[in-house]
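Q:
Structure follows, in structure tokens:
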């Protein structure tokens, strides 16, 4: 018991040191941004975004060592203008999502629709604003204007991947209860039957309709992502809390991704239908109970039960890992040593 507590404290302290390194890197990135802007080096945003991604992955990869299993439509690789939708499981699943999108060459031009409160996060909030992310305040008339202006800027680009979470928040016991109460008062009818999801939240269609209206057919299609934790947990954020994620290295969360590409998304019930599919996938997946997928072979067997396999789709295993990590850590160590020498003087 005592040894376990000591390990947890040590892990927490390790995380503290790593975060000092991370914010030091963010500050250096800010200076680099100023230099690149002054020198007018090509598309500065793309370079800075890529460096930020590798810095973040380098810092946080030790918290997420488990493999990410993905099954995807290779059409995704050749498309240039996309809407990206996904279910939302935890406060940190964006890291895995970014890792997958980076692998599929869909990260450089990503634009995310976020809640307005995130723009006030120190340092990171400024970075998100610089990247051109769209922040909503959840007041319909104001958001209509914000989305319209944001997408007008986006459409000037030759390539973009516009990401948003139709559920509006991540799945946990609280959001699930709120969703149930909403569905009690506002039944959702889909194909003549009540659609009442239990494994995902009921998606909000208003935001999607505003996006579709503003894009006015400019997007090639939709990258539809179904994200699952490995092994299955009803409420991943409740189980893999921040404390557990930071201190318990014996039980690490893994992820599974299914990525479809849909070119025709004009059906008025499109979002509901896609989330019905996600809900059905979870219902099959949870029958595995707490068994963890531990190989590509097991993942293929699971997929055969969950989805109708497509010969053109690809299976892969990827990791939250950056080849730039040694470079960043070398800079950090030299910075610490330099600071130590200055302090001694």
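Numbering (UniProt numbering), first residue to last: 1 to 345. Backbone N, C-alpha and C fix where the C-beta goes; we use that ideal spot for every residue, glycine too.
1. When you compare each of 219, 285 and 316 to residue 84 by their alpha carbons, which one comes out closest?
2. What three-state label does DSSP hand residue 168 in the structure shown?
3. Report the residue ranges of all beta strand (DSSP E) runs contained in full by the segment 214-296; include only those spanning at least 3 residues, in chain order.
4. Helix, strand or coil for residue 84 per DSSP?
5. Quick check on DSSP: helix, strand or coil for residue 161?
6. For residue 111, write down the residues that DSSP places opposite it in a beta bridge.
7. Take residue 113 as the anchor and find which of 216, 59, 161 and 61 has the nearest alpha-carbon.
8. In angstroms with no decimal places, state the Cα-to-Cα distance between residue 273 and residue 87.
9. Can you give the Cα-Cα distance for residue 142 and residue 149, rounded to whole angstroms?
10. Between the C-alpha atoms of residue 139 and residue 146, what's the straight-line distance to the nearest angstrom?
11. Throw me the rounded Cβ distance for the residue 263 and residue 221 pair, which I believe falls under 8 Å.
12. Helix, strand or coil for residue 66 per DSSP?
13. So, using beta-carbon positions, are residue 62 and residue 98 closer together than 8 Å?
14. Taking 8 Å as the cut-off, decide whether the C-beta atoms of residue 71 and residue 285 are in contact.
15. Determine the closest residue to residue 78 out of 338, 261, 298 and 295, with distance taken between C-alpha atoms.
16. Are residue 235 and residue 173 closer than 8 Å when you measure CB to CB?
17. Which one of 82, 137, 64 and 276 has the shortest CA to CA distance from residue 191?
18. Return yes when the Cβ of residue 166 is within less than 8 Å of the Cβ of residue 119, no when it is not.
19. Label residue 96 either buried or exposed according to how many other C-beta atoms from any shown protein chain fall within 10 Å of its C-beta, with 16 as the threshold for buried.
A: Taking the geometry as given:
1. Selection 219, 285 and 316 evaluated against residue 84 yields 219 as nearest (Cα-Cα).
2. Note: residue 168 maps to coil in three-state DSSP.
3. For secondary structure counted as the beta strand (DSSP E) over 3 or more consecutive residues, the segment 214-296 holds these complete runs in sequence order: 221-230 and 254-262.
4. DSSP, reduced to helix, strand and coil, places residue 84 within a strand of the structure shown.
5. Assignment of residue 161 by DSSP, reduced to helix, strand and coil, places it in the strand class.
6. Looking at the DSSP assignment, residue 111 forms a beta bridge with 162.
7. Closest in C-alpha terms to residue 113, from the list 216, 59, 161 and 61, comes 161.
8. The straight-line gap from Cα to Cα measures roughly 13 Å.
9. Between the alpha carbons of residue 142 and residue 149 lies a gap of roughly 11 Å.
10. C-alpha separation (whole angstroms): 10 Å.
11. A Cβ-Cβ separation of about 4 Å places residue 263 in contact with residue 221 under the 8 Å criterion.
12. Here residue 66 carries a coil assignment [DSSP, helix/strand/coil].
13. No, the pair does not count as a contact, with Cβ atoms beyond the cut-off.
14. Taking 8 Å as the cut-off, the beta carbon of residue 71 is found no closer than this to the beta carbon of residue 285.
15. The shortest C-alpha separation from residue 78 is found at 261.
16. In this structure, residue 235 places its C-beta atom within 8 Å of the C-beta atom of residue 173.
17. The shortest Cα separation from residue 191 among 82, 137, 64 and 276 belongs to 276.
18. Contact: no.
19. Here residue 96 is buried, its C-beta having at least 16 other C-beta atoms within 10 Å.
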